[in-house]
Each structure stands twice: as C-alpha cells, then as structure tokens.
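Numbering (this note's numbering), first residue to last: 9 to 439.
Each residue gets a CB set at the ideal place from its N, CA and C atoms; glycine is no exception.
Working notes, beginning with the structure itself.
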C-alpha cells in the first residue's frame, strides 16, 4: 500500500492536489503495489492518480513536463519487509551463527525489490512466473543475482531447492528484455570450482553485455558447523586454481569487451599469496561490498589522501588499530608508511575466537574478541573500524553496544571509516 507521508511544498504533486495521508490506489490506470511500481509509473510528464482520502476515492492529475521528482514522500509501508530465503544452501553463513547475536543477522532475505534498490543478492528461486513477469515489466535493472553454478544439477544440490535449476533460462530472458545484472558465485572446494566453474563462467560470459560482472567468493566457514554439510576451506593450491580459471576469462573479456568481467575476491589473492591487481582490473569496483577490490581501493585512497589533505600536526599519541588477520600485513605496512612521526600507531591482528580462526575479515570481529585481545594494552586511542558495527554504529555483531564496549575496555575509542581515506584522516588530520 502506498501511503503519502508528506508532500514537498510547491512540488508537482502539491500543485496536482496530492496531500499527506492520501493512499495511492492506481497510477495511470495500473495498481501500484509498492515503491517499485511508484517509481516506474510516475516517470511520465503527466501522471494520473486514483487516491483514497478519508474513505473517498479521488482522481487527480500531476503535470511534470520536466520529469523532476514529484515531491511525494511515502511511508515505510511502500517497501514491505523483504521476502525470506526459501533455500537451504550447504554453505549458508546464517546457519553457522550461534545464538545471542545482533537480531538482524538472522534474517535470510531473498527479495528482488531489495536487490534492485539496495544491491542485495538474490537467487530467484522464490520468484514465481507472475512476479518474474513483473521484474521484466518494470525493467528492474541492474539486479544482483547469486549463481553458484549454471549446472542445474549442481545448483539444486548446493541450494537444496528444486526450483534452483532454471536459472540460466531466466538470465537469458532477462537479457532478452534489456535487464542487466551483477552476479556472484560462492565457491565450495571440489563442488562448484574446477570444471564446474569453467562451464559456469563460459555460460555467463555468453550473457555479456547484460552480465555486468561476476564475483568469485570463497565459502565462509565458522566453527559452528555441527550437523552441517562437511566443507573444507580453500588452501593455497585450490585458491591458485581458481585464480588461473578466472585469469583466462579476464583476458578474454578484456580483449573482446574491454572489461575484466570476472573478479575473484581479495581473499582468494591473499590465500594464494598473489599480488592484488591494479585498480584498472576492477571495472570501477562494482562488487566492492562483496570483498572484491577492497584492498586495492583502500591503498589507492591512502595514496590520494596524502596528496589531497593538508596534514594538521596532531598531539603525540599512542594508537591501537585492531583488524582482521587477512588485512593485517597490508594494514601494518600502510600504518608505518602513512602515520605522522609523533603518532605511535600499532596494528593489532585479532584472531577470531568467536567464529573461529577461518574467519579472517575485519567486518566479522566481535566486541568480545576485541576485549580479549586489547584488555591489557595501553593507548591514548583505539580505532574501531565502522565495518565492525551496525549501520547506526551502535552494536557489534555479538549484540554488545559500542558504549558498553568502551566502558569495559576502559580506553578511549574512536569509530573510523573502514576506508583508506578514513584511516588517513584519523591518523593525520586533527578534527
């Protein structure tokens, strides 16, 4: 249901007679189900609306010859809660989490509307034919789609869902209707890598240019896997094999389409002991949220920040910078290079006792692990990467608040943006 929360003064909607608390029933003769419909149907120079106001249905017209925003702010009900995931993937990270964590972490969403608006990855297994037709009708693009394997048999076995086998035909249909998509493959050793991965990338390559990018991400494994499908983590040899397969398709894509197309996550390069590629390999970093190119972007931001920001001499300080074990060698080198002379900054690798030592990324460090590692240390300031906290910077993964953490640590703490610019500013710019 589309409920109007407020209407901007002198906007096209206000001039057309739309008021707060109106309920929009139809737009240009079509039923408007949610904010997706709203945006699609109002992209016109003349918008006819059927609204309900205090129990009375009223027809109104909004003139918008310059195609500017209508000036309507909708209530939260315009985008209902996301649909739940209907899969039971053998590698599901949510299934590997203990009790007592931040409540939002247990939500398994799989909703194309959130994929379109927020970049969430979806599987399309819970999208029936009617809803799929709506995706096409609304030109929902780009979408973010989890592939894992183009083989129907392998995909169904990995996701344990009988509806998982028709992905390729849907990707083809999306392409035929002008819809683009970013793709990801979560790789599980000896299940969907090797020849299966080669075939998957061959199939997805044929979907260019609508297939915009493919991220290759190693399966994330915690210590909470009792009763789950047995899976081994990637080792150096297996990681190199993945990079070799990716390299073939990267070279082909650069020659034929001037893009890299296939993007292994930073973790694969770290496991394999390979250098992180230059920024030009990442096609503008479309999958940065997937851990693809984070290290390169971080370092490049440090370099550019040094040229951009004027250093304001800070007071002599001793700073602790906790981080994940994967990024630690890089972070140690960066901090040594970019810290001012009067700042003694020490990088602390945090072993993930909470999830298990196979979890190496900074964003999955808990307050309890930070307290365990930092409790006997002395510092004037502790930098806490914002990636360890929720979107409001209030809660760690283990449901401990930032304020409670500071109180228990008994050291001054500062939340720092988990970017190269964020680190450089925190070290060098007095605010």
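Query raised in the report: If you drop the 5 nearest sequence neighbours on each side, which residues of the same chain put their C-beta closer than 7 Å to that of residue 365?
Result: The residue you call residue 365 lines up with position 357 of the chain shown. Annotation for residue 365: 359 place their beta carbon closer than 7 Å to its own, counting only its chain and skipping 5 residues before and after.
Query raised in the report: Are there 16 or more other CB atoms within 10 angstroms of the CB of residue 130, so buried, or fewer, so exposed?
Result: Looking up residue 130 in the chain shown gives position 122. So residue 130 counts as buried.
Query raised in the report: In three-state terms, what does DSSP make of residue 296?
Result: If you number the chain shown from 1, residue 296 lands on position 288. Collapsing the DSSP output to three states places residue 296 in a helix.
Report task. Specify the secondary structure class of residue 484 as computed by DSSP and reduced to three states. Result -> The requested residue 484 does not occur in the structure, where the chain is confined to residues 9 to 439.
Query raised in the report: If you count every other CB in all the chains shown that lies within 10 Å of the CB of residue 317, and 16 or more means buried, which is it?
Result: For this step, residue 317 is matched to residue 309 along the chain shown. Of the residues assessed, residue 317 falls on the exposed side of the cut-off, its CB having fewer than 16 other CB atoms within 10 angstroms.
Report task. Rounded to whole angstroms, what's the CA-CA distance from residue 333 to residue 285? Just pull it up for me. Result -> Locating residue 333 in the chain shown gives position 325, counting from the first residue. Locating residue 285 in the chain shown gives position 277, counting from the first residue. C-alpha separation (whole angstroms): 20 Å.
**Report entry** DSSP bridge partner residues for residue 2 (one or two, in chain order)
**Finding:** Missing from the structure shown is residue 2; the chain here goes from 9 to 439 and no further.
Query raised in the report: Can residue 197 and residue 248 be called in contact, C-beta distance under 7 Å?
Result: On the chain shown, position 189 is the one that residue 197 refers to. On the chain shown, position 240 is the one that residue 248 refers to. The criterion of a C-beta distance shorter than 7 Å is not satisfied by residue 197 and residue 248.
Requested in this report: Report all residues from its chain with a CB closer than 8 Å to the CB of residue 42; omit the five preceding and five following residues, and keep chain order.
Outcome: Taking the first residue of the chain shown as 1, we reach residue 42 at position 34. Result list for residue 42: 10, 86, 87, 88, 121, in chain order.
Query raised in the report: Does the count of Cβ pairs from the stretch 202-210 and the stretch 133-145 closer than 8 Å reach three?
Result: Segments in contact, no.
Query - Where residue 291 falls, given that 16 or more other Cβ within 10 Å makes a residue buried - result: Mapped onto the chain shown, residue 291 falls at position 283. It is buried - the Cβ of residue 291 has at least 16 other Cβ atoms within 10 Å.
Requested in this report: Quick one: residues in its chain with C-beta nearer than 8 Å to the C-beta of residue 31, no 5 flanking neighbours on either side, listed in chain order?
Outcome: The residue you call residue 31 lines up with position 23 of the chain shown. Excluding residues within five positions, the ones whose Cβ falls inside 8 Å are 9, 10, 11, 12, 59, 60, 61.
Report task. For residue 89, write down the residues that DSSP places opposite it in a beta bridge. Result -> Translated into the one-based positions of the chain shown, residue 89 becomes position 81. Checking the DSSP bridge columns, you'll see residue 89 has no partner listed.
Query raised in the report: So, residue 223 versus residue 258, is the Cβ gap smaller than 7 Å?
Result: Residue numbering aside, residue 223 sits at position 215 when the chain shown is read from its first letter. Residue numbering aside, residue 258 sits at position 250 when the chain shown is read from its first letter. Cβ atoms of residue 223 and residue 258: not closer than 7 Å.
Query raised in the report: Cβ-heavy atom distance between residue 301 and the ligand COA below 6 Å?
Result: No copy of the ligand COA occurs in the structure displayed, which carries no ligand at all.
**Report entry** First and last residue of the uninterrupted beta strand (DSSP E) at residue 81
**Finding:** As a working mapping, residue 81 is identified with position 73 in the chain shown. First-last of the beta strand (DSSP E) with residue 81: 80-82.
Report task. Return the CA-CA distance between residue 188 and residue 383, expressed in angstroms with no decimal places. Result -> As a first step, residue 188 must be located in the chain shown, where it is residue number 180. As a first step, residue 383 must be located in the chain shown, where it is residue number 375. So the alpha carbons of these two residues sit roughly 49 Å apart.
Requested in this report: Report the rounded CA-to-CA distance for residue 226 versus residue 350, giving the unit in angstroms.
Outcome: Residue mapping note: residue 226 aligns to position 218 of the chain shown, counting from 1. Residue mapping note: residue 350 aligns to position 342 of the chain shown, counting from 1. If I take the Cα positions, the gap works out to 40 Å.
**Report entry** residue 15 beta carbon less than 7 Å from that of residue 80
**Finding:** Residue 80 sits at position 72 when you count from the first residue of the chain shown. Residue 15 sits at position 7 when you count from the first residue of the chain shown. Closer than 7 Å, so yes.
Query raised in the report: Ends of the beta strand (DSSP E) at residue 373?
Result: Start at 1 with the first residue of the chain shown, and residue 373 comes out as number 365. Neither: residue 373 is in no beta strand (DSSP E) and is coded neither H nor E.
Query - Three-state secondary structure (DSSP) of residue 353 - result: Residue 353 sits at position 345 when you count from the first residue of the chain shown. Note: residue 353 maps to strand in three-state DSSP.
Query raised in the report: Just the Cα atoms here: how many angstroms apart are residue 342 and residue 313?
Result: The residue labelled residue 342 in the question sits at position 334 within the chain shown. The residue labelled residue 313 in the question sits at position 305 within the chain shown. Those two C-alpha atoms are separated by around 13 Å.
**Report entry** Candidates 263, 432, 180, of which the one nearest residue 315 by Cα
**Finding:** For the purposes of this step, residue 315 is taken as residue 307 along the chain shown, with counting starting at 1. Out of 263, 432, 180, 432 has the C-alpha closest to the C-alpha of residue 315.
Query raised in the report: Are the stretch 419-429 and the stretch 384-394 in contact at 8 Å, needing three or more beta carbon pairs?
Result: Per the Cβ contact rule, the stretch 419-429 is in contact with the stretch 384-394 (3 or more Cβ pairs under 8 Å).
Query - DSSP state of residue 437 mapped onto helix, strand, coil - result: Walking along the chain shown from the start, residue 437 turns up at place 429. Looking at residue 437 - three-state DSSP - the assignment turns out to be coil, as it is neither helix nor strand.
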